[in-house]
Amino acid sequence: MSKLLDIRNLRVYYYTRYGVVKAVDGVSLEMEKGENLGVAGESGSGKSTLALSILRLIREPGKIVSGKILFNGEDLLKKSEEEMRKIRGARISMIFQDPTSSLNPVYTIGDQIGEAISLHQFNVEGGLLDWFLAKFKRSYVREVEDKVKEALSLVGVSDPSKRMKEYPHQFSGGMRQRAMIAMAISCRPDLLIADEPTTNLDVTIQAQILDLMNHLQEEFDVSIMLISHNLGVLSEFCHKIAIMYAGNLLELSDTETLFEDPKHPYTEALLQSIPRFGFKGKRLSTIPGKPPSLINPPLGCKFHPRCKYRIDGVCNKIPPPLIELDSGIKVACHRYLEECQ
Amino acid sequence: MKITSPTASTLKKLKENKAALFGFAIVLFFITLVIFADIIAPYDPNEVFRARQPPSSKHWFGTDTRGRDVFSLVVYGARTTFYVGACCCLIEFVISFIIGGVSGYIGGWLDEALMRIADIFLALPSFIMVILAVSMFKARSLSIIILVMALIDWPYMTRVIRSQVLQMKNAPFVEAARAMGASTPRILFRHILPNIILPVIVLSTIHFAGYVLWEASLSFLGLGDPNSISYGAIILSGKNTLQTCPWISFFPGIFLFLLLLGFQLFGDGLRDIFEIRV
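Residue numbers (the numbering used here), protein chains in the order written: chain R, 759 to 1099; chain S, 3 to 280.
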């Protein structure tokens, strides 16, 4: 299997007036083709920043400071804005957390999916005037319409020719997310980044959306990077899971091993804080302390103040490198350094 | 509860807002004048009769010092006011959207520079600037007056548009459009513009009245276009005979007052209905 995405030592900082926020601080990640990667972490751990930087959508005051993002072997950070625009939506597309506000309230669903399609499939990129004029060509309009209908029926919207003429406020939350997925998948991308796609939906709809994404993945061979703070969702869906904490990647492991034999103390603590069946009567364990400040992170391993295995004099001095264990699991913790050597 | 469409609920609010409705009625009245001026006006505005006739059944509003029918002048004058108001608002909007859009969306030093320039304009008394600028021209056509007024008054709307763009640019659907591969002009024109049009319309309604008043004031000061029929110019022409023939200045004055009142009330009403702060 060839590598679809290879992030190397990526650093993304936000230059705020309070100081430099190191949202992503030296993350290296790999994704194989046809593989689903889950990225988990608590709020502010840099998951979304990581996702946005893959598409180079980081905005002022944020900046990608260093690193490489290789997509099919090409470094996305070296591309011009023009070239990036042709990749966004066509080869890498993204689904956002809140489908309600991710759709423009003044256009119909069909209009918005049609825009995504015409941007990348009908060579009218950028040329606003060309695109406007093309609307007067009947054959063109019909062709786009057909593709919109096809995209909508793919994501399970019934009666697409009627619903494509409706506005976002006429859609329910789950339907809106389906429309977003239709938009994202309409150009058959190689990589789909889903940033907490199910967070704002209720549980039954969540399951439907995940099923849909599973189905689309099988059908179109798209790789999905699913970002979530819900480990349950990730465990159902992903082949591999990456655990992030305070801008660092702590552990990258295949899903089964992660749940059965977590290597990093943070992962371990995280798994213990998930409520489970048969847990009756016991107090749910939590991770003591709070997430560190990203402006003045603790020295050494960023998790060490909350870690119960901390080795004084090591963990609070030297940041642990990401090491690959014999089993192929990658972990950033000093406890495994010896095992590795 | 009955479900109402946004259009229906807006119309209901308009109905409840008596002041806005009154303003709207006045605006409609003037629009009728503008469209059907040829039918409504009994005479050609330049046709000459005996001068200084008082109002009569033949000349409802009398005739002015040059013998023109004041009623016809007032009816045709409405066209000039609408022409001035609409052109100024359009030019102001185009300038403001480009400057405000670039300033708000791109930001950085460009935003800083553009806004400081806007501040300079805001610091100067606008109407005095307009008088100064217009009096620099020898041949004062209506187009020059319109351009000058729009070019001096743009910072108000620019600031409103900039603040709206600032709010919109972080909206998730803008982010989603960027992730889809949309270019900056596309995002500005297609995704942001339709979403900020409401405050622009409200502000335009109020500015419309302002431009009309400025043009009338310029004409009253003798700085208007001599070839156009302007309320200000008619009022000026009756100034010296105000004691003997008050109808010459009175009727255009009343019409100008009504027009301004109408637009102001309608604009304020729209602002309340759409709950916009500008």
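From the three backbone atoms N, C-alpha and C, an ideal C-beta is built for every residue, glycine too.
This structure is a prediction, so every number in the text was calculated from the model and none was measured.
Taking all protein chains in view, the Cβ of A10(S) is surrounded by fewer than 16 other Cβ atoms within 10 Å, so the residue is classified as exposed.
As DSSP reads the structure, F829(R) sits in a beta bridge with L763(R) and E832(R). By the Cβ neighbour-count rule, D46(S) is exposed, with fewer than 16 other Cβ atoms within 10 Å of its own. Taking the CA atoms as reference points, E800(R) sits about 27 Å from K761(R).
Taking the beta carbon of A892(R) as reference, no residue of chain S falls within 9 Å; the closest one sits roughly 14 Å away. The alpha carbon of S860(R) has as its nearest neighbour, out of S1085(R), D1084(R), S838(R) and Q935(R), the alpha carbon of Q935(R).
The beta carbon of Q166(S) sits closer than 7 Å to those of I198 and P201, all from its chain and outside the five residues before and after it, given in chain order. Bridge pairing for D953(R): I985(R) [DSSP]. The beta carbon of L168(S) sits closer than 7 Å to those of G106, all from its chain and outside the five residues before and after it, given in chain order. Residues of the region 806-819 of chain R that bring their beta carbon within less than 7 Å of a beta carbon in chain S comprise L813, L815 and E818, in sequence order.
Under the criterion of beta carbons closer than 8 Å, K1088(R) and Y1003(R) do not qualify as touching, at roughly 14 Å. Distance from the CA atom of F95(S) to the CA atom of I208(S), rounded to whole angstroms, is 13 Å. Between T1013(R) and I999(R), the gap from beta carbon to beta carbon is short of 8 Å. Interface annotation for the region 838-849 of chain R against chain S: R843, K844, R846, G847 and A848, criterion Cβ-Cβ distance under 7 Å.
Per DSSP, the continuous alpha helix (DSSP H) segment holding V132(S) begins and ends at S128 to S137. Non-local beta-carbon contacts of L1008(R) in its own chain, meaning distances under 6 Å to residues more than five positions away in sequence, involve I1001, H1022, Y1024 and A1090 in chain order.
Between L238(S) and S219(S), the CB-CB gap reaches or exceeds 8 Å.
Rounded to whole angstroms, N1054(R) and S824(R) show a C-alpha spacing of 19 Å. The residues I146, in chain order, have a CB closer than 6 Å to that of F139(S) in the same chain once the five nearest residues on each side in sequence are set aside.
With 16 or more other Cβ atoms inside 10 Å of its own Cβ, T65(S) counts as buried. For L1008(R), the enclosing beta strand (DSSP E) stretches over residues N1006 to D1012. As DSSP reads the structure, V782(R) sits in a beta bridge with V770(R). Proximity of chain S to D856(R) at the Cβ level (cut-off 9 Å) is accounted for by P174, in chain order.
Of all residues in the region 182-213 of chain S, only M182, G183, A184, S185, P187, R188, F191, R192, H193, P196 and N197 place a beta-carbon less than 8 Å from a beta-carbon of chain R. By the rule that beta-carbons nearer than 8 Å mark a contact, R180(S) touches chain R.
DSSP places S1043(R) outside both helix and strand once states are collapsed to three, so it counts as coil.
Excluding its 5 nearest sequence neighbours in each direction, D121(S) has C-beta neighbours in its own chain below 8 Å: P157, listed in chain order.
Interface flag for M983(R) against chain S is unset, since no Cβ pair is found closer than 8 Å. For Y1003(R), no alpha helix (DSSP H) encloses it; the enclosing beta strand (DSSP E) starts and ends at K998 to Y1003. DSSP places M941(R) in the uninterrupted alpha helix (DSSP H) bounded by G931 to I943. Interface with chain S (8 Å Cβ-Cβ cutoff): A1027(R) is excluded.
Any Cβ of chain R closer than 8 Å to the Cβ of G109(S) would place that residue at the interface, and such an atom is present. Not one beta carbon of chain R lies nearer than 8 Å to the beta carbon of E114(S). Between Y233(S) and G79(S), the gap from beta carbon to beta carbon is short of 8 Å.
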